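Written out below as structure tokens is the structure these notes cover.
In the numbering used here, the protein residues as written are 6 to 937.
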């Protein structure tokens, strides 16, 4: 059950202001509702009902928090731990030092036992119920699938060691202060470059992801910053030396940055450190630009290397480091707001491409005009939803589409082993296999599909070198390794690496929208909690990287075509809202998903022009990826059919009306992501420099005691030109999310998002008015979320707890009343009532209360009979709903015919401090006597 309380009359409207509107102040992204604050408001009015196992609500100093305690520490990683209630994302909790307890400020939200509380990290369930479901899936019989055969070898293998010997070293500069981070961040790096190479050399910069920051000789690790006494820094930045040495042998200067100072502090900023990582990258690039201009000022380790050519830069980021280098690429082309940015100097470099390894993309805001290669590990146990797919999918239609956005799915790779310092047996500090437990026929260590650490690292090095050779050196001979042309690099063997791409010379043909007409199938929503509309409903049978979750349970603008058939020859006809052109293309390229572990789905591909001429282009065979219920294996394969037959048939390829897929397999299912006119080659990215950039911030205001005033969400729009973004407003209350497309017109530099706040003198929790944004066309988004938080400025009422009926006969309820000194605008929670054993006489048992009440509050039945204090989670809650002065908590009893004498229950008032430690208060006693 979900219901939201609304505090006062608050309205939220969005409109585009004409040119000349006053400048809005921009709050830095770190001032967005911080991790630890709730976003939405599930609620029930059921005082006394407990939460699921592992959950509780604490109310320390009036700050209500939803608290979840794990049975064991949650490994530190790159995915974000999130609380959800059903399909609604509540927020990002703050973890305790032991990584077991997670706390989320509830604000005006109310949580009850009817809410389906979940703890998710990149789609994985971490809470007890989720772990039990995973254990059942692991125990279920699984089909053991073979790896697909190796693709034909590409004539050029970028994984071959180059002709140069290499030299290496380190530098350490003065630490830097970044916005929203209390402690300074280190400027430390390891460098590897070629010996005896002449002339300026291209620069490859590496940035690691989020991992433990500190360790000691006893094998303990943490994510503190700075490291406490007795602990050393974990050298995550040294984990890519194998990649650096390969590139250096091929003539590149390489540098790998340490980012422990960001990892130790990014839990407290809303963008998970993306802007900070970008700032760190550009701080280092600025130093390299200075050293290239004046080599005498460079550190000793850099002086031993050839001069770096800052006109040819490749950025490589792993996990959150991937999101960081993507933001650095975006910030290089489109300047970030000064208040949020940790680098404000000139741009003296050119980023030619990025490589993103198992990356996060919490903001769903890729840099559309910078070529990229995203590596998706098929056995990723950390960023397990493989959300990095959005670095390709999220660029479609947003800009000119000339930059190649390639994705490589690495079968059998996990998240951590691309970094040797995160790999057991290679790391100096504690390390682990992020895939975790045993019992999985596909991904467990030692299974046929799973890569050994050294095999995974070799594959990673090879594809990083391929990206460098294509994006930086401009060698189109390696493109077939990256763009879905079904070629393999012998150096990466035995890894099976499958690729597809968007951009480059592709011309848009079919990109499904709500206006697309489909017969034999339907348009489905990639993200929708309504399973009748969703492309891939969650059923525990696996997920798709293409349908990765953003912030919202339902998104506008993300669609696919889905179809299922039970006999061959059932056509799926797809007709876009307007004809498309594939003139000048060699083939029609389709990205098609079929269910994992299926093979041989055969599809005849036909097109029809606006004159009614039809041509069969050929037949495509699509195989599913190996995977199971715990992997994100519903991934699109790229297939191509030549357009020669359409030319021979005289079709007007400038006006193609429809696409047909005719299954020749007897049964099956498919999802069509998109279709493109394709021809070989890699054009220059041709970035749209005049695109506007939009960043949202967070304004925090006091409620006030009276009157009404209007405040505005901080919005910063920079750049020139015209573009569109999709803006979602999420006001408090039961109103649904309101998406709308907003145009930033030439000369318009502001978006106005007003929030009206009514003041009063009643206590209430803080209320958030949130906005979320995505680029649609001709624009980019930096900080993708913001809003206004209205802080309560009134004291919480005091309360008393007194008995209403603490001595009753069987069949009557025991009751206690919580009374407030004044009504409040939000529900006020009192202490927890812990059921204690009685100190004398007979205790109320499971047979003395109604069975339905027992099942509702404790999840058990009356048999076997036992005292209530022996039940797991034996506690009740006191709370007073908004607007009321008092509320009762009752323990109903049943009447029986047994003469028993008095029976009693003891309830201890218990509160919790900020660390979750309980404080025992007074004890209430209730007594039940036999009925006369």
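Glycine included, each C-beta is placed from N, C-alpha and C at the ideal position.
Predicted model only: the values in this text are computed from it and were never measured.
- prompt: In chain order, which continuous runs of the beta strand (DSSP E) of length 3 or greater are located wholly inside the region 375-404?
  reply: DSSP runs (the beta strand (DSSP E)) wholly in the region 375-404: 377-382.
query: Rounded to a whole number of angstroms, what is the C-alpha to C-alpha distance between residue 876 and residue 102?
result: Residue 876 and residue 102 have their alpha carbons spaced roughly 30 Å apart.
message: Need the endpoints of the beta strand (DSSP E) that residue 506 sits in, please.
response: Note, residue 506: beta strand (DSSP E), 502-507.
message: In whole angstroms, give me the CA-to-CA distance for residue 321 and residue 492.
response: The alpha-carbon atoms of residue 321 and residue 492 are separated by roughly 23 Å.
field: Counted within 10 angstroms of its Cβ, other Cβ atoms place residue 168 as buried (16 or more) or exposed
entry: Classification for residue 168: exposed.
Opening and closing residue of the alpha helix (DSSP H) in which residue 337 lies: Run containing residue 337: 325-338, per the alpha helix (DSSP H) assignment.
message: Can you confirm whether the region 602-620 touches the region 708-719 when touching is taken to mean that 3 or more C-beta pairs between the two stretches lie within less than 8 Å?
response: No, the region 708-719 does not touch the region 602-620.
message: Within 10 Å of its beta-carbon, does residue 635 have 16 or more other beta-carbons around it, so buried, or fewer, so exposed?
response: Taking a 10 Å sphere around the C-beta of residue 635, we find 16 or more other C-beta atoms and assign the residue as buried.
message: Just list the residues that DSSP pairs residue 863 with in beta bridges.
response: Answer is none; residue 863 lacks a bridge partner.
- prompt: Using the rule of at least 16 other Cβ atoms within 10 Å of the residue's Cβ for burial, across every protein chain shown, is residue 543 buried or exposed?
  reply: Residue 543 is exposed by the Cβ-count criterion.
Nearest residue (CA-CA) to residue 266, options 343, 183 and 209: Ranking 343, 183 and 209 by Cα distance to residue 266 puts 183 first.
message: As an exercise, report each continuous beta strand (DSSP E) stretch of at least 3 residues that is fully enclosed by the region 581-607, in chain order.
response: Those beta strand (DSSP E) runs which fall completely within the region 581-607 and span 3+ residues are 592-598.
Unbroken beta strand (DSSP E) run spanning residue 676, endpoints: Segment 673-683, the beta strand (DSSP E) holding residue 676.
task: Tell me, to the nearest whole angstrom, how far the beta carbon of residue 159 is from that of residue 215; I am working on the premise that it is less than 8 Å.
output: The pair is not a contact, with the Cβ atoms about 34 Å apart (cut-off 8 Å).
Residue from 424, 401 and 70 with nearest C-alpha to residue 511: Residue 401 is the option with its Cα nearest to residue 511.
- prompt: Using a beta-carbon distance below 9 Å, is residue 928 in contact with chain C?
  reply: Although the question refers to chain C, the structure presented lacks it and comprises just one protein chain.
field: Sheet register partners of residue 476 (DSSP bridge)
entry: For residue 476, DSSP records no beta bridge to any residue.
message: Just to confirm before moving on: does the CB-CB distance between residue 129 and residue 488 stay below 9 Å?
response: No, Cβ-Cβ distance for residue 129 and residue 488 is not below 9 Å.
task: Using beta-carbon positions only, say whether residue 612 and residue 625 come within less than 9 Å of one another.
output: Going by C-beta atoms, residue 612 is not nearer than 9 Å to residue 625.
field: Enclosing alpha helix (DSSP H) for residue 282 [first to last residue]
entry: Annotation for residue 282: the continuous alpha helix (DSSP H) segment containing it runs 279-298.
field: 6 Å CB neighbourhood of residue 798 in its chain, flanking five on each side removed
entry: Cβ within range, chain order: 707 and 708.
- prompt: Which residue from 330, 873 and 494 puts its Cα closest to that of residue 912?
  reply: For residue 912, the nearest C-alpha among the options comes from 873.
task: Provide the residue span of the alpha helix (DSSP H) that contains residue 249, from first to last.
output: It spans 246-254 - the alpha helix (DSSP H) in which residue 249 sits, taken as one unbroken run.
task: State the beta-bridge partners of residue 414 as determined by DSSP.
output: In DSSP, residue 414 forms a bridge with 381 and 503.
query: Between residue 812 and residue 70, what straight-line distance do the alpha-carbon atoms span, to the nearest angstrom?
result: Each residue's Cα considered, the two are about 34 Å apart.
- request: Decide if the region 816-823 is in contact with the region 786-800; the criterion is three or more beta carbon pairs, one per stretch, under 8 Å apart.
  value: No contact exists between the region 816-823 and the region 786-800.
- request: Less than 8 Å between the CB atoms is what I'm expecting for residue 121 and residue 91, so what's the real figure, rounded?
  value: About 4 Å; that satisfies the 8 Å criterion.
- prompt: So, helix, strand or coil for residue 424, using DSSP?
  reply: In the structure shown, residue 424 adopts coil according to DSSP, grouped into three states.
- prompt: Any idea what DSSP makes of residue 267, helix, strand or coil?
  reply: Look at residue 267 here: in three-state DSSP terms it is helix.
query: If you drop the 5 nearest sequence neighbours on each side, which residues of the same chain put their C-beta closer than 7 Å to that of residue 78?
result: Hits under 7 Å: 103, 104 and 105.
- prompt: Any idea what DSSP makes of residue 873, helix, strand or coil?
  reply: The answer is helix: DSSP assigns residue 873 an H, G or I state.
field: Cβ distance (whole Å) where residue 333 is taken to contact residue 287 below 8 Å
entry: Indeed, because the Cβ distance is near 6 Å, the residues count as touching under 8 Å.
query: Any heavy atom of the ligand ADP within a distance shorter than 8 Å of the CB on residue 768?
result: Of ligands this structure carries none, so the ligand ADP is not represented either.
- prompt: Exposed or buried, which one is residue 2 when buried takes at least 16 other CB atoms within 10 Å?
  reply: The question about residue 2 has no answer, for the chain in this structure spans 6 to 937.
Coil, strand or helix - residue 350 by DSSP: The three-state reading of DSSP puts residue 350 in coil, since its state is none of H, G, I, E or B.
message: If you reduce the DSSP assignment to three classes, tell me which class residue 455 lands in.
response: Under the three-state reduction of DSSP, residue 455 is assigned to coil, being neither helix nor strand.
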